[in-house]
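Some notes on the structure that comes next.
In our numbering, the protein residues as written are 109 to 186.
As structure tokens, then:
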């Protein structure tokens, strides 16, 4: 599941707390696209390892990123 683009997405989700709010404020088509793609990633069993291997820093960061991703997976329903 190695992907430099996916690594970049994780960096944005981790390092930019307002990103979720920005997606919530986006057009419905954007929200739906993001929600569907993030939901697809979250169902991939390898994605958990990918996140753990790419999120560095103090403890708890992986959980924060997961929470943000779960929120993003639901924004298409807003």
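Even glycine gets a Cβ: it sits at the ideal position worked out from N, Cα and C.
This one's a predicted model, so the numbers in the text were calculated from it and none came from an experiment.
Return the Cβ separation of residue i and residue j in integer angstroms, given the expectation that the two are a contact with Cβ distance under 8 Å.
i	j	result
residue 115	residue 162	6 Å
Between residue i and residue j, what straight-line distance do the alpha-carbon atoms span, to the nearest angstrom?
i	j	result
residue 120	residue 146	13 Å
residue 118	residue 159	8 Å
residue 166	residue 124	16 Å
residue 122	residue 168	11 Å
Worksheet item: Are there three or more Cβ pairs, one per stretch, closer than 8 Å when the region 115-134 is compared with the region 165-181?
Response: yes
Discussion item. With three or more C-beta pairs closer than 8 Å as the rule, is the region 131-138 touching the region 167-178?
Written reply: no
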